[in-house]
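Working notes, structure below.
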Amino acid sequence: MSYNRGRGRGGYSNYNNRSGGGQHHQQNVDSYIAANSIPIEIMGWNGASSTECINFISRKCRVIVSNHSVDENTGLLKGYVKTEQQVNELLNWNGVRFAGQSLRFSRATNGLSNQMGGGGGGAHGAASGGTQNTIETMTQFLKSRYQPEIKLLNLANVKQDPGLQSSGFFTSISVSSKFFPALMKIAGDLKLDVVSVDLSGNELADLQTISTMATTFPRLQNLSLQRNNFQRIRVFESWRHKLNFLRELILTENPIMNQTNPTEIQNIKLELMKSFPRLVVLNGEVLRNEQLLNTNLTFPFDSQQAMFFQDDTIRNISTNFIANYLKLWDSNRADLMVLYQNESQFSLQLDTSHPYLLETNNNYSSGTDFGYYMPHSRNLTRVSSSKSRMSKLAIGQEHIFTAFTQIPRSHHDILSKPEHFSMESFSYPALNGVMIIIHGSFDEVAQPDNLDHLNSGPPPSGPRGRYSHHNQNKNKKIPLSKKSFDRSFVVIPGPNGTMIVASDQLLVRPFTNSDAWNQPKSNTIPPQQQVPPVHQTPGTSPVPGVPVPGAPTVADLPVEVKTKLNPIQQELLVKILLETKLNITYGLMLCEQSNWDYQLCSINFKNSAATLPREAFVV
0 MSYNRGRGRG GYSNYNNRSG GGQHHQQNVD SYIAANSIPI EIMGWNGASS TECINFISRK
60 CRVIVSNHSV DENTGLLKGY VKTEQQVNEL LNWNGVRFAG QSLRFSRATN GLSNQMGGGG
120 GGAHGAASGG TQNTIETMTQ FLKSRYQPEI KLLNLANVKQ DPGLQSSGFF TSISVSSKFF
180 PALMKIAGDL KLDVVSVDLS GNELADLQTI STMATTFPRL QNLSLQRNNF QRIRVFESWR
240 HKLNFLRELI LTENPIMNQT NPTEIQNIKL ELMKSFPRLV VLNGEVLRNE QLLNTNLTFP
300 FDSQQAMFFQ DDTIRNISTN FIANYLKLWD SNRADLMVLY QNESQFSLQL DTSHPYLLET
360 NNNYSSGTDF GYYMPHSRNL TRVSSSKSRM SKLAIGQEHI FTAFTQIPRS HHDILSKPEH
420 FSMESFSYPA LNGVMIIIHG SFDEVAQPDN LDHLNSGPPP SGPRGRYSHH NQNKNKKIPL
480 SKKSFDRSFV VIPGPNGTMI VASDQLLVRP FTNSDAWNQP KSNTIPPQQQ VPPVHQTPGT
540 SPVPGVPVPG APTVADLPVE VKTKLNPIQQ ELLVKILLET KLNITYGLML CEQSNWDYQL
600 CSINFKNSAA TLPREAFVV
């Protein structure tokens, strides 16, 4: 926090000098804030950055939240508003959607800050002993509730626990909201090996207070949410693609399960299967064949292939291009500008969560700092406004080179360790070019050449004024580390045999090793268990492009399916059903796992058609 106004005119800068230090100055500023504004707390904001959330609140709710910060212990976003009226206005906006989640506002209390690690003194039992006593109390609670022999963490009816009650953890709604995030942080530090979690009887109406559990236990297999207050199936969307190993879910004795309409019950099951791709059992009912599900979610080849090229010509073009490109990227990015034209495009995006789901013992990804990349990330699941999306897309040589200079300098060890990289390349007929996709890792060796975007800091969340954070990132030093990446190029032929990069997309993520394409597959189905499709006859194969008589039209799709799909998705589903002879269940699964991309649907179907069961096809 800085205070720049009044310098040389008797303002706080002069007072700071007279008082003998910045600490006294900061205390005066904090005291002024506490006396003239009202603290609030925001949950459900972490679908994007804290600054984007504050700006969203300013636009949508017409309330300016100043001096915001994130509590490292609880993950809550804190800030200040000026009046009680603004507090009430924010409370009326509870549930507003932001970055795929629902925001929840509450007025902060001092007891809460003290209780979850705020330091000295307070009215509550845990707070009176300070942060250390709070951590010890929660640690002992976790150890008493953990059953290592079955890897179960029993968090049922936590509010009735005598030890927690006597420590004052549930004296108010605000205090209670911070309990689970703090508990998950401690559980993560303890490195508990958890396969099952029981959260029954905790008065939960949504996932916001327990959202961090998906990060703490990403490989969770069994979860009980029995005897809570879940009323809408949409609350589980915030966990979509996060608990990818969840096998069994219990939702009995929740309002959501009181449905009597068979269509609504089926919709609930479909939505849960979309959110949790490996969900097999719901409330004791088997939803789908687990063996077939594991088959469909397993890589379809006997062993992973690190490289794929459509033909020898494309192999030569791709390998030569990548070898020379990465060499210049690491040594002198300015020399790469000859490959880009006025219409060329470059974008960068971050995926900071996905590798945690694949590798729980990833020592490199823990604590990775993406500060250099965050201002430029064009991750469309996090950046929602059209203006922001366009501002993060670099078009033309000048803008692309500027973007290159704002990314840390790196080293790709592709020549000495090619086995650490994987590549796919194939023709791109739309532009008479070649699509080249490379996966691997790199070492950051130096900070970006251009730090202007960091030194200027993010724009203030409200009007410029006394407590502006505009310079909070000035001279910020971010630790360098090893990271993984995926980079996609669309390369087209230029004049005189040259090559032009039409599109360049760089995805940066926490480091993971190359086991994905270097280790042999361990759970391949034996050949004798593979069943050919029921409609396949000698001399024929169920390849896309061949219509099948009698398959449904859009009008024939079940209502429960049509209501979940937009018109374009409905047309694509029907097209896939016509061309593959798959039934609706497997057709939907193919489309969803191919991200509703027709070409990818075709490729995935060709790769897995021979392993699909008979019941996957229409007789």
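Those letters in the sequence shown? Residues 0 to 618, per numbering that gives the first Met the number 0, in order. A virtual CB, placed ideally from N, CA and C, is assigned to each residue, including glycine. Given the structure is predicted, the values throughout are model-derived calculations rather than measurements.
ask   = Going along the chain, which unbroken runs of the beta strand (DSSP E) with 3 or more residues stay wholly within the segment 395 to 456?
value = As far as the segment 395 to 456 is concerned, its whole beta strand (DSSP E) runs of at least 3 residues are 408 to 410, 421 to 427, 432 to 445.
query = Within this structure, are the beta carbons of E614 and N565 separated by less than 9 Å?
reply = N565 is positioned such that its CB atom lies no closer than 9 Å to that of E614.
request  = Can you tell me which of the three DSSP states R103 falls into?
outcome  = Note: R103 maps to strand in three-state DSSP.
key: Residues of its chain near Q348, where Cβ-Cβ distance is below 7 Å and the 5 sequence neighbours each way are ignored   = Listed in chain order, the non-local C-beta contacts of Q348 below 7 Å within the same chain comprise S376, R377, N378, L506, local neighbours out to five positions each way being set aside.
task = Pick out the complete alpha helix (DSSP H) segments inside the segment 261 to 319, 4 residues or longer, and give them in chain order.
result = The qualifying runs are 261 to 274, 289 to 295.
ask   = Could you give the residue range of the beta strand (DSSP E) that holds V80?
value = It spans 76 to 80 - the beta strand (DSSP E) in which V80 sits, taken as one unbroken run.
request  = For W238, I'd like the list of residues in its chain whose CB is within less than 7 Å of its CB, leaving aside the five on either flank, ordered along the chain.
outcome  = Excluding residues within five positions, the ones whose Cβ falls inside 7 Å are L206, A213, S274.
Cβ-Cβ separation, S409 to D448 (assumed contact under 8 Å), whole Å = Rounded to whole angstroms, the Cβ separation of D448 and S409 is 12 Å, and the two are not in contact under 8 Å.
query = Is V489 helix, strand or coil when you go by DSSP?
reply = Strand, per DSSP.
key: Cβ neighbours of E135 in the same chain (closer than 6 Å, five flanking residues each side left out)   = Taken in chain order, the list of residues that qualify is empty.
key: Expected contact under 8 Å - CB spacing of D503 and F345 to nearest Å   = Right, their Cβ atoms sit about 4 Å apart.
task = Mind checking which residues open and close the alpha helix (DSSP H) that includes L564?
result = Secondary structure note for L564: it is in no alpha helix (DSSP H), with a DSSP letter that is neither H nor E.
request  = For Y145, name the three-state secondary structure that DSSP assigns.
outcome  = Y145 falls in the strand class under three-state DSSP.
task = Kindly indicate which three-state DSSP category N221 falls into: helix, strand or coil?
result = Three-state result, N221: strand.
task = Return the chain-ordered list of same chain residues with a C-beta closer than 8 Å to the C-beta of I232, the five sequence neighbours on each side being excluded.
result = If the five residues before and after I232 are omitted, its C-beta is found closer than 8 Å to the C-beta atoms of I255, N266, I267, E270, L271, all from its own chain and listed in chain order.
key: Contacting residues, own chain, Cβ-Cβ under 7 Å from F403 (five flanking each side not counted)   = Excluding residues within five positions, the ones whose Cβ falls inside 7 Å are R332.
task = Alpha carbon to alpha carbon, how far is R277 from N260? Give it in angstroms, no decimals.
result = Between N260 and R277, the alpha-carbon positions lie close to 25 Å from each other.
ask   = Run through DSSP, which three-state label would Q139 get?
value = Correct three-state label for Q139: helix.
inquiry  = For F97 and R226, I'd like the C-alpha separation in whole angstroms.
reply    = Cα atoms of F97 and R226: separation of roughly 28 Å, rounded to the nearest angstrom.
inquiry  = Tell me the residue span of the beta strand (DSSP E) that contains D197.
reply    = D197: member of the beta strand (DSSP E) spanning 195 to 197, first to last residue.
query = Looking only at C-alpha atoms, which of L248, L327, Q446, M183 sits nearest to G283?
reply = Checked all of L248, L327, Q446, M183; the closest Cα to G283 is L248.
key: Boundaries of the alpha helix (DSSP H) in which I37 is found, first to last residue   = No alpha helix (DSSP H) contains I37, which is instead part of the beta strand (DSSP E) from 37 to 42.
ask   = If you run the structure through DSSP and keep just helix, strand and coil, what is I255?
value = Helix, per DSSP.
task = Please determine, among P428, A322, S223, L392, the residue with the shortest C-alpha to C-alpha distance to N309.
result = Per the sequence shown, the amino acid found at residue 309 is Gln instead of Asn. When each option's Cα is compared against that of Q309, the closest is P428.
task = Could you tell me which of L479, F168, C52 sits nearest to Y371, measuring between CA atoms?
result = For Y371, the nearest C-alpha among the options comes from L479.
inquiry  = Can you look up L611 in the DSSP assignment and give me helix, strand or coil?
reply    = Of the three classes helix, strand and coil, the one that applies to L611 here is coil, per DSSP.
request  = Would you list the one or two residues that DSSP bridges to I232?
outcome  = According to DSSP, which records beta bridges pairwise, I232 is partnered with nothing at all.
task = Output yes or no for whether 9 Å exceeds the beta carbon distance between I39 and V86.
result = Yes, they are a contact pair.
request  = Return the chain-ordered list of same chain residues with a C-beta closer than 6 Å to the C-beta of S36, the five sequence neighbours on each side being excluded.
outcome  = Sequence-distant Cβ neighbours of S36 in its own chain, meaning closer than 6 Å and more than five residues away, are Y79, K81.
request  = Could you spell out the range, first to last residue, of the alpha helix (DSSP H) harbouring N186?
outcome  = According to the sequence as given, residue 186 is Ala; it is not Asn. Counting along the chain, the alpha helix (DSSP H) containing A186 begins and ends at 178 to 189.
request  = For the alpha helix (DSSP H) containing M588, list its first residue and its last residue.
outcome  = 583 to 592 is the extent of the alpha helix (DSSP H) around M588.
inquiry  = Using C-beta distances below 7 Å, list every residue in its chain close to G124, excluding the 5 sequence neighbours before and after it, in chain order.
reply    = Here G124 scores only 39 on pLDDT, less than 50, and its place in the model is too uncertain to base an answer on.
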